[in-house]
Amino acid sequence: MLGSHCVRPFHQPGLPHPGLAVPGLQAFSGTDTGGEQVTKVKAPDINDIVPNTEPETKVTINGNPVAHIVENSIDGAKMGHLIVVPFGCGEQNMIHLTPTVISTHFLDSTHQWEKMGVDRRAEAINLIKRGYTRQLAYKKPNHSYAAYLSSPSSTWLTAYVAKVFSLASKLVAIDSQVICGAVKWLILEKQKPDGIFHENAPVMSKSMMGGYQGAEPEASLTAFVLVALLESKDICNSQVPSLKNSIIKAGEYLARRYPSLRRPYTVALTSYALALMGELDSEKVLMSTSTEGNRWEDTNTHTFSIEATSYALLALLHMKKYELVRPIVRWLAEQKFYEGGYGSTQAIIMVFQALAQYQIDIPLHQELNLDVSVLLPGRANPLMYRIEYETAMVLRTVETRLNKDFVVRARGTGQGTLTVVTVYNAKIPEDTSQCKNFGLRVSVREAQNAKKPEGALRSVFIRICTRYLGVVDATMSILDVSMLTGFSPDLDDLTRLSRGVDRYISKYEIDHSPSDRSTLIIYLDKVSHTEEECLQFKAHQFFEVGLIQPGSVKVYEYYSLVDRCTMFYRLPKESGFLNKICHGDVCRCAEENCFLQHKMRGPITLNRRIEMSCESGVDYVYKTRLVGTEESNSYDTYMMKILRVIKTGTDENPLGETRPFVSHVKCRESLRLEPNKDYLIWGLSSDLWDLKTNITYIISKDTWIEKWPNEEDCQEEDFQILCQDFDEFSQAMTMAGCPT
C-alpha cells in the first residue's frame, strides 16, 4: 500500500524557497480496487503566484521499510544544533540540557552518530555532565528545585529534573540519590491523600512546560509527575519505600478521571501514564480524541499537538497496539522543524523519546514489493517504478511545471511514501509584519564604496535590530533571513560576526536554493529584553533578475515558536534597483515600459490600431471596465469586467466576466487607471497566466491600454473623432477580423 502526503510551501521566509508561510501537509487517501491503490493528487491553489513566474512541482517516491521511517525523516546529520552548552538558572539550564540528552538518546537508538561525526557524541556526553553538575547548584537541601535557590520549590520542575536525569543516567553517571531525593520530596511534600499532585510555585519559563499550561491542570500535573516516578522506578524502588504506593494512588486517581477527560492533550498524557503502569487495556478513549487517527490536536499551539501525539504514541507502544502506530509515526516525522527542532522543550523531548521508542520496539520489516505508476499532466504515458526492499530508500524523482491534478497508482505489498512539493513565488500580503514578544527592525542601504567579491554587480548593507519584549532575556533564538532575489550574504562579514572578539552570533547556515533566492539562518545564544541588539552584514547581487522582490527577516525563540516576529525589507527606492525589470540579460526601466503606448510616436489612427492589434502574438482585444483594484507591495491587480470581446483569444467565454489584470507597482502612476471607466485593452498570448481556475492577464510593455470615452464624453467635440474611431475599430474587427 502506498502512503502519500503533499508539502505545499506558500513561500514564507525561512524556507529554502522564496516567499512567506509554513509548509502545509496534506494526506491523500487512496482507493483500493482489486489490490490497487489509486491516489488522486490535487493541484494546490496558487492564485497568489507572482506574475510571469512558473510553479515547480517535484514528485518523489520511495519505499518504507518500517525502521527507516524515522531514520530518514529525521536525519542525524542535521541534528547538531540540538547539542548545546547548558547555562542559566535552574529552569534555563534544564531547557538547554534537554535537547542534548534527548538527541543523544535518539541518535544512540537510531545508530546515526556516524552521520554527525562520532566525536560529537563525546562532546554531547561532556555537555550532559556539565549540565548535570550545573543543575546541582539549584538543588535545595530537601532535593527539590526552583529557578533560584531563593525561589519556592516547583513540583513540575522537580519532577522534570527527575525525568531528564533518569534518562541521562543511561548515558552518564548520575548519583541515584539525586534522582530519588527528588522523587521522595514529590511524594512526601506534594502528593495529596487522594493521589493528586499539586503545584504551589509554578515555573517562570512557561514555554518549557509545554501543554501542561492548558485545561484540566490537576489531571495533567498528576499524570506528568506519575510519568516521572514510573520512569525513575527502576532506579529508586529500593531507595524510596513509599514509591510503589504513591504510584498506585496517582494511578487510581487518573483512572477515575480518565473517562471524563475531554482535552486531547490530557487524554494522551494520562494514557501514557496509565499504559506505563500497565493499567490501560483499551485504546478506545485515547483514539476517540485523535484527529484522523494520526494526531492529537491542541487548539493552543502546534507544539502542544506534537507533544500530545508523542505521549499517545508511547501509550500505544506500551500497549503493543502496533497496528495503530504507523500513521502516528509518519505524522510526527513530517512535523520536523529545521530537522529536529520542534519549537518547545516538551515537544523536543517527547517527540524524540517517542520516535526512539518506536525504533526500538518495531522490528525491521522486509516484505516490500511495489509497482508504482505516476501519470503527470502533459504526459501521454505514466512513469513506472519497481520498489523492492533492497532499493527501498532510493529516491525516484520527477518534476513538472504544470500545476494540474495527477494520478498515482500502486500495486503489490508493503508501503511507500509519495512526496509532492509545489514551489512558487507568492505575492507578499499587505500585512507585512506579524509580531509577538519580539521587536524587530530591518533596514537596507547601498554599500557604494564597499569591497565587492569577484562577479558582484552591486552591494548593500542589511542591518537587523531586535529585542525580546518579555520580562527576561530570550534563550537561544534564530534569525531566519530570506535574501533579496539575486543577492547572497557576505561570508567574511558572517564569519566576523560569529568568530570576532564581540561574537554577535553563535553560528550561521546558508541554504542555497535552486531558485534565485538564498536563505540565511543565524543562531543567537540569547536576545536581550533590556536593550535592542543589532548586527549588520553586506549582501551582494551576482545576477540580474526579472524583479528584485522584497526579502524577509523572522526572529523567534527556538524553544517557543509562538514568540516570533516577521518583517519584510526591500531595497531603498532611491537606489534605482527597483525601477528595473529584466528578461535574460536585457534590463529596462519599468516606468518607461509599463504599456505599449509608451513606445508610440505620432497620432494613433484607426488603421494603426487595426494593424497593431493584428500583429503576430496578439491574443485578445477587449473593451473593459475597471470595477476594482487590489494594491500590494510589488504588484497592482486591476479587476476588469469584459464588456465586449472584439477579438477572441485563449480565454474561453470572458464576456460579462471579471478578469484580473496585473501590473508592476512602478507602473501605477504611468497607467493612472480610474475606477468605473472603460478601456480598450489588447495583449500577447505570452502575457496570459493560466492559474487553473481562471486566467490572469499581465500588463507588460506589449499591452495596449487606451481609455474608451463613455457616452457622455462622446458628446463633447474633443472626443467625437476618438469615439468614432473606437466604434469603427470595434465593428471592423468584429465583422471582418484581422486582414490576411
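Sequential numbering from 424 applies to the sequence shown in my numbering.
All residues carry an ideal CB built from backbone N, CA and C; glycine is no exception.
Please read all numbers here as calculations on a predicted model, not as lab measurements.
Which same chain residues, not among the five before or five after residue i, have their C-beta less than 6 Å away from its C-beta?
i, result
"Gln386", "In the structure as shown, the chain starts at 424 and stops at 1163, and residue 386 therefore has no counterpart that could be examined."
"Val976", "Val865, Ile887, Val904, Met990"
"Asp1148", "Leu1029"
"Gly801", "Leu825"
"Lys672", "Gly618"
"Pro1077", "Ile1065"
"Cys858", "Cys988"
"Asp1074", "Ile1118"
"Ala545", "none"
Would you please verify whether the beta carbon of residue i is less than 7 Å from any beta carbon of chain D?
i, result
"Leu1145", "No chain D appears in the structure shown, which is made up of a single protein chain."
For residue i, count neighbouring C-beta atoms within 10 Å of its own C-beta (all shown protein chains included) and say buried if the count is 16 or more, exposed if not.
i, result
"Leu947", "buried"
"Pro509", "buried"
"His1087", "buried"
"Asp617", "exposed"
"Glu980", "buried"
"Ser711", "exposed"
"Gly909", "buried"
"Leu798", "exposed"
"Gln1154", "exposed"
"Gly974", "buried"
"Ser655", "buried"
"Thr480", "buried"
"Gly716", "exposed"
"Gln600", "exposed"
"Met1158", "exposed"
"Trp1105", "buried"
"Val1050", "exposed"
"Pro467", "buried"
"Arg753", "buried"
Within its chain, find whatever has a CB closer than 8 Å to the CB of residue i; leave out the 5 residues flanking it on each side and keep chain order.
i, result
"Arg1048", "Met1063, Lys1064, Leu1066, Asn1099, Lys1100, Asp1101, Tyr1102"
Taking the alpha helix (DSSP H) that residue i falls in, what are its first and last residues?
i, result
"Gly674", "666 to 680"
"Leu1111", "Looking at the DSSP string, Leu1111 is not in any alpha helix (DSSP H); the run it does join, the beta strand (DSSP E), is 1111 to 1113."
"Ile1128", "No alpha helix (DSSP H) contains Ile1128, which is instead part of the beta strand (DSSP E) from 1127 to 1131."
"Lys607", "599 to 613"
"Ser733", "725 to 741"
"Met1062", "Here Met1062 belongs to no alpha helix (DSSP H); instead the beta strand (DSSP E) covers 1058 to 1070."
"Asn516", "513 to 533"
"Phe1142", "1140 to 1158"
"Pro1083", "Per DSSP, Pro1083 belongs to no alpha helix (DSSP H); it is in the beta strand (DSSP E), 1081 to 1087."
Distance, Cα to Cα, residue i vs residue j?
i, j, result
"Ala591", "Tyr992", "44 Å"
"Asn470", "Val1085", "12 Å"
"Ala731", "Lys463", "31 Å"
"Val843", "Leu806", "15 Å"
"Ile901", "Pro522", "16 Å"
"Tyr1061", "Thr1052", "5 Å"
"Asp1059", "Gly540", "51 Å"
"Arg881", "Leu907", "13 Å"
"Leu747", "Glu720", "17 Å"
"Glu956", "Ala770", "29 Å"
"Ala678", "Ser733", "20 Å"
"Ile1173", "Ser921", "Any question about residue 1173 goes unanswered here, given that the chain covers just 424 to 1163."
"Ser1109", "Val473", "15 Å"
"Lys827", "Asn1117", "13 Å"
"Gln964", "Cys512", "44 Å"
"Glu1097", "Leu818", "53 Å"
"Gly1160", "Lys1070", "7 Å"
"Glu537", "Ile525", "17 Å"
"Ile551", "Asp542", "15 Å"
Spatial neighbours of residue i within its chain, please: CB distance less than 7 Å, with the 5 preceding and 5 following residues excluded, ordered by chain position.
i, result
"Leu374", "The requested residue 374 does not occur in the structure, where the chain is confined to residues 424 to 1163."
"Tyr676", "Asp617, Gly618, Ile619, Thr645"
"Met632", "Trp579, Val626, Gln769"
"Tyr1185", "This structure does not reach residue 1185, given that the chain is present from 424 up to 1163, and the question cannot be answered."
"Val821", "Val482, Val797, Leu799, Leu806"
"Arg1091", "Asp1059"
Where do the N-terminal and C-terminal ends of the beta strand (DSSP E) with residue i fall, by residue?
i, result
"Met807", "806 to 811"
"Tyr688", "Segment 687 to 700 is the alpha helix (DSSP H) holding Tyr688; no beta strand (DSSP E) there."
"His963", "956 to 964"
"Lys1046", "1041 to 1054"
"Ala833", "829 to 836"
"Ser975", "974 to 980"
"Phe510", "Note, Phe510: premise wrong, no beta strand (DSSP E); not H, not E."
"Val795", "792 to 798"
Residue i: beta carbon under 6 Å from a heavy atom of the ligand HEM?
i, result
"Ile810", "With respect to the ligand HEM, the structure offers nothing, as it holds no ligand at all."
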